[in-house]
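Notes follow once the structure below has been shown.
Number of protein chains: 2
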Amino acid sequence: MTGRPSVRDAQPDTATRILDVAERLVQTSGFNGFSYADISAELGITKASLHHHFATKAELGRALIERYSEAFSAALKLVDQRGGDAAAKLERYVKLYEEVLREERLCLCGMLAAEYSTLPEPLQKEIRRFFDANETWLAGVIDQGRRARIFHSRGSAREVARMLLSALEGAMLVARPYSDVARFASAARQVLTGLAAK
Amino acid sequence: MTGRPSVRDAQPDTATRILDVAERLVQTSGFNGFSYADISAELGITKASLHHHFATKAELGRALIERYSEAFSAALKLVDQRGGDAAAKLERYVKLYEEVLREERLCLCGMLAAEYSTLPEPLQKEIRRFFDANETWLAGVIDQGRRARIFHSRGSAREVARMLLSALEGAMLVARPYSDVARFASAARQVLTGLAAK
DNA sequence: GTCTATAGGTGGATAGAC
DNA sequence: GTCTATCCACCTATAGAC
């Protein structure tokens, strides 16, 4: 876990490469849909070595959510820093999801939410934290948009935020079987347009 | 597969009881999250007997989607027959989802959509058919609402229908980790209200 | 940090008696 | 239609050498 080596062109360290492969596998096949053997085959290191880095599958899952949540928070900070009005921020937020779907993946936590009841309790807690963080950020943007009079939605900003999160997670879920990013983009646009309507 | 016996208080036949248990297990834990052993333990019949009724797990899955789709179509027919305007129909449509979530289940096909890439191709096709049927019904209701001037949404009726389906599937997905049906109901109301806005 | 080897369990599925 | 018994592949995880 020493992070990326400082020399140019160097590969990420082993733990990072494991997380990269595991993350893609969870996002495409689910936590119950992949095994250490899958990672082993792809990286060319034995299952025993994987256990050296992540002792149990639950611990691997916990590390995955942690990293994903941190990356998402960082992405939201970037969205904020690029400025623009609330509508522009929401469009960039939607783009984050769209890029995931383009690789035929689901949101990591959206996938894990489907498998929620089969997951260890610590993972369940982290999944809710991810959704909570997204709702909080979205609610802030909704507030910003209302103060600027560009959003005219009903209900609390928090409620609108939850609706947005739900709609985007669902749009990914439904679009993927059709391998159709446009399906997602269309649904997202519908929802965003609705926010501006009186 | 002889259907419900005609005598009063008689139990459903074995195939039906297997489907009932398997359906709940898929909706709560996913297709990759349950096993024949789980059904066996709950019904008190051996795994070998289960294989007599459904030779493979894929065949069991196919039967589950088929039955679920038929039940859903029947429910939509009832929604239509009870009449009312398009808004009333959509509210009853939302209630169908809400009843599923109340039992801490996801939509069967929503759950399977998450696991999509791990499923046999015949199941994948049936999942898309389920979504297609829902979109078609919803597009019809959207059209009805527009002709009656109670919906003022943008985009084609089909696009609005896809957005609705996505939002509802996603609202179930996100609400379940919180065991909070109100979260779903709130998101659903947000979306429906948006349809009426100009 | 990676390996070989293996434990101990569970997965879906089958054969054949009753 | 249900059972016992069994197969074999795969699962997560560990022990211990290098």
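Keeping their order, the protein sequence lines are chains A and B.
Numbers given in this note's numbering equal positions in the first sequence, counted from 1, plus 1.
Numbers given in this note's numbering equal positions in the second sequence, counted from 1, plus 1.
Even glycine gets a Cβ: it sits at the ideal position worked out from N, Cα and C.
This one's a predicted model, so the numbers in the text were calculated from it and none came from an experiment.
Apart from the five residues on each side of it in sequence, which residues of its chain come closer than 8 Å, Cβ to Cβ, to A:THR194?
By one-based count along the first sequence, residue 194 of chain A stands at place 193. Nothing listed; no residue qualifies.
In terms of residues, what are the limits of the alpha helix (DSSP H) holding A:ARG159?
One-based indexing of the first sequence puts residue 159 of chain A at position 158. 158–176 is the extent of the alpha helix (DSSP H) around A:ARG159.
Are there three or more Cβ pairs, one per stretch, closer than 8 Å when the region 182–194 of chain A is compared with the region 158–168 of chain B?
yes
Quick check on B:ASN135 - is its C-beta less than 7 Å from some C-beta in chain A?
Within the second sequence, residue 135 of chain B is the residue found at index 134, counting from 1. So no, B:ASN135 is outside the interface.
So for A:THR47, helix, strand or coil by DSSP?
Taking the first sequence and counting its residues from 1, the one referred to as residue 47 of chain A is at position 46. A:THR47 falls in the coil class under three-state DSSP.
Nearest-angstrom Cα separation, counted from B:GLU99 out to B:ALA197:
Numbered from its first residue, the second sequence carries residue 197 of chain B at position 196. Numbered from its first residue, the second sequence carries residue 99 of chain B at position 98. Going by the C-alpha atoms only, they are around 21 Å apart.
When the cut-off is 7 Å and only beta carbons count, does A:ILE128 lie next to chain B?
Within the first sequence, numbered from 1, the residue matching residue 128 of chain A stands at position 127. It does: the Cβ of A:ILE128 has a partner Cβ on chain B nearer than 7 Å.
Using beta carbons (cut-off 7 Å, strictly below), is B:PRO123 in contact with chain A?
Taking the second sequence and counting its residues from 1, the one referred to as residue 123 of chain B is at position 122. So, not an interface residue.
Quick one, which of A:VAL175, A:GLY62, A:ARG130 has its alpha-carbon nearest B:ASP200's?
Residue 200 of chain B is absent from the model: chain B starts at 2 and stops at 199.
Counting beta carbon pairs with one atom in the region 57–65 of chain B and one in the region 20–39 of chain B, are three or more of them shorter than 8 Å?
They touch, by the three-pair rule.
Is it right to say B:LEU79 is buried, meaning 16 or more other beta carbons lie within 10 angstroms of its own, or is it exposed?
Within the second sequence, the letter at position 78 stands for residue 79 of chain B. Under this definition B:LEU79 is an exposed residue.
Within 10 angstroms of the Cβ of B:ALA23, are there 16 or more other Cβ atoms? Answer buried if so, exposed if not.
Position 22 of the second sequence, counting from 1, holds the residue named residue 23 of chain B. Under this definition B:ALA23 is a buried residue.
Considering only C-alpha positions, which residue in the set B:LYS90, B:ILE19, B:ARG147 is nearest to B:ILE46?
Start at 1 with the first residue of the second sequence, and residue 46 of chain B comes out as number 45. If we check each option's Cα against that of B:ILE46, B:ILE19 comes out closest.
Tell me whether B:ASP181 counts as near the ligand SAM, meaning its Cβ is closer than 6 Å to at least one heavy atom of that ligand.
Among the ligands in the structure shown, none appear at all, so the ligand SAM cannot be discussed.
Taking the straight line between their C-alpha atoms, what separation do you get for A:MET2 and A:PHE55?
By 1-based counting over the first sequence, the position of residue 2 of chain A is 1. By 1-based counting over the first sequence, the position of residue 55 of chain A is 54. Since pLDDT at A:MET2 reaches only 49, below the 50 mark, its modelled position is unreliable, and the value read off the structure follows with that caveat. Taking the straight line joining both Cα atoms gives about 11 Å.
Proximal chain B residues relative to A:TYR179, where beta-carbon distance stays under 7 Å
Numbered from 1 along the first sequence, position 178 holds the residue referred to as residue 179 of chain A. Within 7 Å Cβ-Cβ: ARG129.
Cα separation between A:GLN125 and B:SER157?
Indexing the first sequence from 1 puts residue 125 of chain A at position 124. Indexing the second sequence from 1 puts residue 157 of chain B at position 156. Whole-angstrom Cα-Cα distance: 38 Å.
Where B:ARG83 and A:LEU51 are concerned, what is the direct C-alpha to C-alpha distance, given to the nearest angstrom?
What you label residue 83 of chain B is simply residue 82 of the second sequence in a count that begins at 1. What you label residue 51 of chain A is simply residue 50 of the first sequence in a count that begins at 1. If I take the Cα positions, the gap works out to 58 Å.
Over what stretch of residues does the alpha helix (DSSP H) that includes A:GLU60 continue unbroken?
On the first sequence, position 59 is the one that residue 60 of chain A refers to. Here the alpha helix (DSSP H) through A:GLU60 covers 58–82.
Check whether the region 138–152 of chain A touches the region 131–149 of chain B, counting contact only when three or more Cβ pairs, one atom from each stretch, lie closer than 8 Å.
no
Along chain A, in chain order, which residues have C-beta atoms closer than 7 Å to that of B:LEU107?
Locating residue 107 of chain B in the second sequence gives position 106, counting from the first residue. Here the neighbours are ALA115.
Which runs of the alpha helix (DSSP H) spanning at least 4 residues fall entirely within the region 108–157 of chain A, listed in chain order?
109–115, 122–148
Measure the beta-carbon distance from A:ILE128 to B:PRO178 and round it to whole angstroms, keeping in mind my assumption that it falls under 8 Å.
Taking the first sequence and counting its residues from 1, one reaches residue 128 of chain A at position 127. Taking the second sequence and counting its residues from 1, one reaches residue 178 of chain B at position 177. So it is a contact: roughly 6 Å between Cβ atoms.
For A:GLU71, count the other beta carbons within 10 Å of its own beta carbon; 16 or more makes it buried, fewer makes it exposed. Which is it?
Translated into the one-based positions of the first sequence, residue 71 of chain A becomes position 70. Exposed, because fewer than 16 other Cβ atoms sit within 10 Å of the Cβ of A:GLU71.
Could you spell out where the alpha helix (DSSP H) holding A:ALA186 opens and where it closes?
Locating residue 186 of chain A in the first sequence gives position 185, where the first residue counts as 1. That run of the alpha helix (DSSP H) goes 182–197.
Buried versus exposed call for A:GLU104 [16 or more other C-beta atoms within 10 Å across all chains shown]:
The residue given as residue 104 of chain A occupies position 103 in the first sequence. A:GLU104 comes out exposed.
Candidates B:ARG106, B:GLY111, B:LYS199: closest to B:ASP181 by CA position
Here residue 181 of chain B refers to the residue found at position 180 of the second sequence. Among B:ARG106, B:GLY111, B:LYS199, the Cα nearest to that of B:ASP181 belongs to B:ARG106.
Cβ of B:GLU160 within 7 Å of any chain A Cβ
Here residue 160 of chain B refers to the residue found at position 159 when the second sequence is read from its first residue. Taking Cβ atoms only, chain A reaches closer than 7 Å to B:GLU160, which makes this a yes.
Pick from A:ASN33, A:MET112, A:THR57, A:ARG155: whose alpha carbon is nearest that of B:TYR170?
Taking the first residue of the second sequence as 1, we reach residue 170 of chain B at position 169. Here residue 170 of chain B is Glu; the residue named in the question, Tyr, does not match the sequence. The shortest Cα separation from B:GLU170 among A:ASN33, A:MET112, A:THR57, A:ARG155 belongs to A:MET112.
Mapping DSSP to helix, strand and coil, what is B:GLU24?
If you number the second sequence from 1, residue 24 of chain B lands on position 23. Note: B:GLU24 maps to helix in three-state DSSP.
Would you verify that the beta carbon of A:LYS199 is, or is not, closer than 7 Å to some beta carbon of chain B?
On the first sequence, residue 199 of chain A is found 198 positions in, with the first residue counted as 1. At least one beta carbon of chain B lies nearer than 7 Å to the beta carbon of A:LYS199.
Proximal residues to A:TYR69 (C-beta, below 8 Å), its chain only, five neighbours per side dropped
Here residue 69 of chain A is taken as the residue at index 68 of the first sequence, counted from 1. GLU24, LEU109, CYS110, PHE131, listed in sequence order.
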